[in-house]
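In order, the protein sequence lines correspond to chains A and B.
Residue 53 in my numbering sits at position 51 of the first sequence, with consecutive numbering throughout.
Residue 183 in my numbering sits at position 181 of the second sequence, with consecutive numbering throughout.
As structure tokens, the structure follows; a few thoughts come after it.
Number of protein chains: 2
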Amino acid sequence: MNDVRDTKTRILDTAEKLFAGNGFHGTSLRDITKDAGVNLAAVNYHFGSKDALFEEVFRRRFLPINRIRRDKLERIREEARQENLRPSTREVLQAFLAPVLHFRETEPGAAAFITLVGRTISEPDDRLREILMGHFRPNFFLCFAILCEALPNIPKDVLFWRLQFSIGAMSHTLFLLGHAKVFPEGVIPDLDAGAITDLIVSFVTAGMETQ
Amino acid sequence: MNDVRDTKTRILDTAEKLFAGNGFHGTSLRDITKDAGVNLAAVNYHFGSKDALFEEVFRRRFLPINRIRRDKLERIREEARQENLRPSTREVLQAFLAPVLHFRETEPGAAAFITLVGRTISEPDDRLREILMGHFRPNFFLCFAILCEALPNIPKDVLFWRLQFSIGAMSHTLFLLGHAKVFPEGVIPDLDAGAITDLIVSFVTAGMETQ
DNA sequence: GTCTATAGATTGATAGAC
DNA sequence: GTCTATCAATCTATAGAC
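Here you go:
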């Protein structure tokens, strides 16, 4: 009632939350429109279909994340070139992984989206996974290319797999952050985004550079 | 027609394949029974429900994998104790991760199951994910405990997160192995299970031991 | 054990009034 | 733009004949 967001935004926010929690196929249009407080027909009026709504959930969030990520990666590459040095493996991986976790903390409501990303990477529905990959692929290849410059003595196919391992570590972490209850007692899971970022960047940097 | 497997086995094999390819909710009982060449009602007759069939798919495969994994981990721990040494981080992680990949190559039809595991780790349906976690948890904690003995100078919560990163790397890899088409040209993706195992064990060992 | 037929519930999408 | 009402398709599960 006092919700000043317009209908489109309310639907997007709610869809993001429910897709993250119950998956695309586990969320019906009735779930979304009821939770958002809008009419059942509003999704098809504003977005055209359930699929198109899913696409818009991703487009809205990925545009700013990808801009930051690409700018950081390009700057690292350019600065290394101007100083005739190799890019730093850690800085490359930091630029690739940190924006997502940072975004999770600073953007209101983004936590649900990040959980959704962690899930959609292994989404069974090829159509949905491709929507994610379309946003993700360009920066993946950019990161891969700069890593090859950073570590020219390691075979490219090894670096390729190691970057995939890093993405796996990351996506699993994003998923876990949305399901805090999996942690055992005695182990402190409540680390902030900065601490988690440091942990995972150290981990994958060591793995990437090992001989 | 010439299929000598009994109805139960045919249903299990087919369900495993289709759940891996299209997800639990993307696979109907009609899909399964049609592909298996059995009657629609056979699933409910032999297993009771679609959920119970899913459970049996996991039980059948996890019993032998978990036995091998537990035996290997316990032996590493015991041998280290008798020689008054710390367990080797690499051997622990190898014992934890290798059986799944090895099983994928040697057991007929297991590849589909492994893909399914990689997917179910981030399954949106809590009920389904819990079926997997029930099989996975005991060996996870056993591995974690031995890692704490192997690396007593690294804080336990750091080791806990690093083991989670390792599982993420592993599950993403298992998923990718079921979707070879994601690889770019020029990079050779066709590594066998042994090569992939070496790559991932080296990666996570370096990440686990870094200061 | 295997089959057909169907109950009973839920879904995405849309037509048409306001 | 928003609403109600409803269509057509899909699903799991089961009753009951053979």
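Glycine included, C-beta positions come from ideal geometry on N, C-alpha and C.
What are the boundary residues of the alpha helix (DSSP H) that includes residue i?
i              : result
S173 (chain A) : 158-179
N86 (chain B)  : Premise fails: N86 (chain B) is in no alpha helix (DSSP H) and is neither H nor E.
L20 (chain B)  : 9-24
A38 (chain A)  : 31-38
D200 (chain A) : 195-211
Measure the CB-CB distance between residue i and residue j and report whether it falls below 7 Å.
i              : j              : result
I116 (chain B) : R131 (chain B) : no
A114 (chain B) : A22 (chain B)  : yes
L228 (chain B) : M172 (chain B) : Absent from the structure is residue 228 (chain B), since the part of chain B shown begins at 3 and ends at 213.
I148 (chain A) : L75 (chain A)  : yes
T212 (chain A) : A208 (chain B) : yes
V59 (chain B)  : A17 (chain B)  : yes
T9 (chain A)   : L20 (chain A)  : no
L165 (chain A) : F146 (chain A) : yes
S124 (chain A) : S124 (chain B) : yes
H174 (chain B) : G170 (chain A) : yes
H27 (chain B)  : H27 (chain A)  : yes
CA-CA distance, residue i and residue j?
i              : j              : result
V102 (chain A) : R139 (chain A) : 15 Å
G25 (chain B)  : D37 (chain B)  : 15 Å
T11 (chain A)  : F64 (chain B)  : 44 Å
F205 (chain A) : C150 (chain A) : 19 Å
P126 (chain B) : S90 (chain B)  : 36 Å
L176 (chain B) : E80 (chain B)  : 30 Å
R32 (chain A)  : A54 (chain A)  : 16 Å
R77 (chain B)  : L144 (chain B) : 12 Å
E85 (chain A)  : P154 (chain A) : 17 Å
R129 (chain A) : R121 (chain B) : 16 Å
V203 (chain A) : K52 (chain A)  : 36 Å
N4 (chain B)   : N46 (chain A)  : Low confidence applies to N4 (chain B): its pLDDT is 47, below 50, so where it sits in the model is not reliable, and the reading given next is rough at best. Near 49 Å, if we compare the C-alpha coordinates of N46 (chain A) and N4 (chain B).
L87 (chain B)  : I67 (chain A)  : 47 Å
L178 (chain A) : T35 (chain A)  : 27 Å
F162 (chain A) : T199 (chain B) : 15 Å
A97 (chain A)  : R69 (chain A)  : 12 Å
L42 (chain B)  : L42 (chain A)  : 34 Å
DSSP on residue i, reduced to helix/strand/coil?
i              : result
N4 (chain B)   : Since pLDDT at N4 (chain B) reaches only 47, below the 50 mark, its modelled position is unreliable, and the value read off the structure follows with that caveat. Reduced to three states, the DSSP call for N4 (chain B) is coil.
A147 (chain A) : helix
F49 (chain A)  : coil
E125 (chain B) : coil
L153 (chain B) : coil
G28 (chain A)  : coil
L130 (chain A) : helix
N68 (chain A)  : helix
P110 (chain A) : coil
N141 (chain B) : helix
L75 (chain B)  : helix
A44 (chain A)  : helix
Which residue wins for smallest C-alpha separation from residue i, given the options the options?
i              : options                      : result
H137 (chain B) : B:E57, B:K74, B:T35, B:I13   : B:E57
E109 (chain A) : A:T35, A:A195, A:T207        : A:A195
L201 (chain A) : B:D15, B:P89, B:P157, B:F143 : B:P157
E93 (chain B)  : B:K19, B:L179, B:I133, B:R71 : B:R71
R7 (chain A)   : A:F162, A:V40, A:F146, A:E85 : A:V40
D73 (chain A)  : A:L42, A:R32, A:A152, A:N141 : A:N141
F49 (chain A)  : A:L14, A:R88, A:Q166, A:G170 : A:L14
R83 (chain A)  : A:P66, A:D5, A:A152, A:I34   : A:A152
R62 (chain A)  : A:R121, A:L134, A:L193       : A:L134
D159 (chain A) : B:L193, B:P66, B:L87         : B:L193
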